[in-house]
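Here the sequence shown is numbered in the numbering used here, starting from 969 and rising by one per residue.
Glycine residues also receive a C-beta, built at the ideal position from the N, C-alpha and C atoms.
Please read the structure below before turning to the comments.
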Amino acid sequence: MEHIQEQVNKIEKQIVHEQKKEQVRELLQEGKKIGIEKLPYSYSAVKRFIDSETMNVHYNKHYKGYVDKLNAMLKKRKGDHDLEKIITNISRYPKGVRDNAGGAFNHALFWNMLSPTQQRPSKDLVVQIKKDFGSYEKFKKNFEDIAMQRFGSGWIWLVLTNKGTLKIMSTPNQDNPLMNIIEGGGYPILGLDLWEHAYYLRYKNKRNEYINNFWTVVNWDFVQKMYELKTETKLLESKQMGLLLKETKVEHCSRADIEFFRNLFNVNVQARNTYKNTINDTLKKVFSDKYHDKKENGEIPGIYYLEKPGRSVINFLNTNYSAFCIIMKDVNQRLADIEGEELISFTDKTPGEQQIEMKRFANWIEKLGKGIFDTNGETFQGVIKVLTEKDKVGSRREKSALKTLKESLPDVKVIGVSGAGKSIDAEKKIDAYIVIEGNKKTAQIKGFAEILEQNGKLIVTKTGEVAKYNVDLMVFVKGNKVAVFENNGEIVMGNYVFNKKSLLYDLR
Ligand code: MN3
């Protein structure tokens, strides 16, 4: 009986666990939804332009319908959703998303472009309008003519081009000038809905009257704000490189972050190699005056005399997960200021997608190298700190391994190879020589967490960089615990796996 009760308890626990997981999933989903833009006035507030019944149906049925349908479509897609980013990257999405994201975005803008009080365009705007259209009257006429020419459903827009000029354009259906599939688009600062649902109840087929009345409700304050904001952004974009070279604050990485990257590196070898090569090339470029490729006095190629005399710890950057995390956060802080650029992220991605993402990351590292590795910057300092710490831990580990081996195995002679930069260590990755029964063997020394037994094999976990080394022995060290394996294991899912008989010395 007790046995059955135990099983029931177990199953119940499992059910509760699953339910909680589902609740969390739903909450997360809710947070990712595209929101409804609040109507900034009552349904009757702009009645000199449109009646309250049309406004009510337009807002509650048409607009909310687009948002709901869009959210239903996005629910199946991974990642966070930002409406403007979807619009500016619309070519990546199916037609249904294009229609509904357009509907959601266009109307959210449109509600704000109408004002209960009558307004005039600002001086700034009138100056720019005169420049681009000759006069304010000509601009209005032009806008009305193009609106009348729109066949079927669509929108008419005043857009700010990336040259800083204004132009009028019309888009079909729910397309928006910001969509990356629209040729000659720009940033919409004023727009008018030309769908029949927007006016038919009151104006019937007299679209021209609807368009004429639009001028009585234009929220020129909002248009001015959009104009300023986007003119400002354009200015910033033109100084993009300057912006990218801004100082960033070093963001600390959690243990979970670092463990995630350790796993990414050790499982996705192609992504790891992309990163390694990029780091090597970038460091070589940024510190070209400190890079030595000649082998002198047993030194190996690399960066010297950077943060200290001798070989720099920055040469270890290409394999360190904590430093990887710092650099990724630095790049993301810079990317956050670039419109339409998504942040680098490797979570929720297939190995293939991770490789593509790593290439995108690599491109940015190359472009931003000077900013990331600015020796006065926090990122550089953070990276050096992490790598110096790792270097210290590494040599402490080596010393402790050699000490334990010597003490526990008096028959075995151990010779340490110390000093990063000595070619024998850094090139061939030899940390020590161990002489067993007169045979001198090369050894690589690594940290580890546990050695697990599974199906007659031994799995060594969390050993830092998991790679094939051209040495005879693999030595794993944790405090004063040491395990020495013959180097004939396999790498499986980012862990070393050995046959039991490969374990030569077990000092755990
Ligand atoms: Mn509409």
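May I ask you to check if the CB of Asp1161 is nearer than 7 angstroms to at least one heavy atom of ligand 1?
-> Checking the Cβ of Asp1161 against ligand 1 gives yes.
Return yes when the Cβ of Leu1475 is within less than 8 angstroms of the Cβ of Thr1372, no when it is not.
Yes; because the gap between Cβ atoms is below 8 angstroms, this pair is in contact.
Note to self: For Trp1125, list the residues DSSP reports as bridge partners.
What the structure shows: Per DSSP, the beta-bridge partners of Trp1125 are Met1137, Gly1159.
Worksheet item: Tell me the DSSP bridge mates of Glu951?
Response: Beyond the ends of the chain as shown, which are 969 and 1476, falls residue 951; an answer cannot be given.
Would the beta-carbon of Val1185 fall within 8 angstroms of that of Phe1017? Yes, Cβ-Cβ distance for Val1185 and Phe1017 is below 8 angstroms.
Q. From this set, Ser1368, Phe1314, Gly1120, Gly1071, which residue's C-alpha is nearest Lys1446's C-alpha?
A. Among Ser1368, Phe1314, Gly1120, Gly1071, the Cα nearest to that of Lys1446 belongs to Ser1368.
For this session: Compute the distance between the beta-carbons of Val1281 and Leu1370, then report whether it is under 8 angstroms.
Result: Against a cut-off of 8 angstroms, the Cβ pair of Leu1370 and Val1281 comes out as no contact.
| Can you list the beta strand (DSSP E) stretches of 3 or more residues lying completely in the segment 1076-1130, in chain order? | Those beta strand (DSSP E) runs which fall completely within the segment 1076-1130 and span 3+ residues are 1122-1128.
**Request:** Verify the contact flag: Ala1166, CB atom, against every heavy atom of ligand 1, threshold strictly below 7 angstroms.
**Result:** Correct: Ala1166 has its Cβ closer than 7 angstroms to ligand 1.
So the beta strand (DSSP E) Leu1274 belongs to, where does it begin and stop? In the DSSP assignment, Leu1274 falls outside any beta strand (DSSP E) and carries neither an H nor an E.
*Taking the alpha-carbon positions, what's the Asp1249 to Gly1270 distance?*
Going from the Cα of Asp1249 to the Cα of Gly1270 covers about 11 angstroms.
When you compare only the Cα positions, how much space is there between Pro1319 and Thr1431? When rounded, the distance between both Cα atoms is 21 angstroms.
_Once the 5 residues before and after Tyr1034 are set aside, which same chain residues still bring their CB inside 6 angstroms of it?_
If we look at Tyr1034 and ignore the five residues flanking it on each side, its Cβ neighbours are Asn1068, Gly1071, Ala1072.
**Asked** Is Gly979 buried or exposed, if buried means 16 or more other CB atoms sit within 10 Å of its CB?
**Response** The sequence given here has Ile at residue 979, not Gly. Result: exposed.
Could you check if Ser1059 is buried or exposed, using at least 16 other CB atoms within 10 Å of its CB as the buried criterion? Taking all protein chains shown into account, Ser1059 has fewer than 16 neighbouring C-beta atoms within 10 Å of its C-beta and is therefore exposed.
Indicate, with yes or no, if ligand 1 has a heavy atom lying under 7 angstroms from the CB of His1026.
Indeed, a heavy atom of ligand 1 lies less than 7 angstroms from the Cβ.
Give me the Cα-Cα distance between Leu1472 and Asp1399, rounded to the nearest whole angstrom. For Leu1472 and Asp1399, the distance between alpha carbons rounds to 18 angstroms.
Would the C-beta of His985 count as close to ligand 1, meaning under 7 angstroms from any of its heavy atoms?
Every heavy atom of ligand 1 is 7 angstroms or more from the Cβ of His985, so no.
Close beta carbons around Ala1013, own chain, < 6 angstroms, minus the five adjacent residues each side | Cβ neighbours of Ala1013 within its own chain (closer than 6 angstroms, five residues either side excluded): Pro1084.
| Are there 16 or more other CB atoms within 10 angstroms of the CB of Asn1234, so buried, or fewer, so exposed? | The residue in question, Asn1234, is buried, as its Cβ has 16 or more Cβ neighbours within 10 Å.
Discussion item. Distance check for Leu1082 and Tyr1195, CA to CA, integer angstroms please.
Written reply: Cα to Cα, the separation comes out at about 16 angstroms.
Residue burial classification, Met1461 (beta-carbon count within 10 angstroms, cutoff 16): Met1461 should be labelled exposed.
Residues in the same chain with beta-carbon distance under 7 angstroms from Trp1123, minus the five sequence neighbours each way, listed in chain order, please. For Trp1123, where only same-chain residues beyond five positions count, the Cβ hits under 7 angstroms are Asn1074, Ser1138, Thr1139, Gly1159, Leu1160, Asp1161, Leu1162.
Is the separation between the beta-carbon of Ile1333 and that of Val1380 shorter than 8 angstroms?
No. Outside cutoff.
Inset, instruction - Would you check whether ligand 1 has a heavy atom nearer than 7 angstroms to the C-beta of His1075? - result: Yes.
| query | Of all the options Glu1005, Lys1046, Tyr1009, which has the alpha carbon lying nearest to the alpha carbon of Asp1036? | reply | Comparing alpha-carbon positions, the option among Glu1005, Lys1046, Tyr1009 lying closest to Asp1036 turns out to be Glu1005.
| message | Does Asp1474 come out as helix, strand or coil in the three-state DSSP assignment? | response | When DSSP states are grouped into helix, strand and coil, Asp1474 belongs to the strand group.
For Tyr1027, which residues in the same chain have their Cβ closer than 6 angstroms to its Cβ, ignoring the five residues on either side in sequence? In the same chain as Tyr1027, and ignoring 5 residues on each side of it, the C-beta atoms closer than 6 angstroms to its own belong to Leu1007, in chain order.
Self-check item: Terminal residues of the beta strand (DSSP E) in which Tyr1464 lies
Solution: Residues 1463-1467.
Residue ranges of each alpha helix (DSSP H) run of no fewer than 4 residues wholly in the segment 1389-1456, ordered along the chain? Listed in chain order, the complete alpha helix (DSSP H) runs (minimum 4 residues) inside the segment 1389-1456 are 1391-1394.
At which residues does the alpha helix (DSSP H) containing Lys1371 begin and terminate?
Looking at the DSSP string, the run of the alpha helix (DSSP H) that includes Lys1371 is 1346-1376.
key: Straight-line Cα distance separating Leu1128 from Ile1352   = Using only the alpha carbons, I get a separation of about 45 angstroms.
Inset, instruction - Please decide whether Tyr1031 counts as near chain D, where near means a Cβ-Cβ distance under 8 angstroms. - result: Of the protein chains in this structure there is only one, and it is not chain D.
query = Just reading off the alpha helix (DSSP H) that Ile1054 is part of, what are its end residues?
reply = Per DSSP, Ile1054 belongs to the alpha helix (DSSP H) from 1051-1056.
| task | Select from Asn1176, Lys1425, Ile1097, Thr1287 the residue whose C-alpha is nearest the C-alpha of Ile1226. | result | Answer by Cα proximity: Thr1287.
Practice prompt. With DSSP collapsed to three states, give me the class of Tyr1061.
Written response: In the structure shown, Tyr1061 sits in coil (DSSP, three-state: anything other than H, G, I, E or B).
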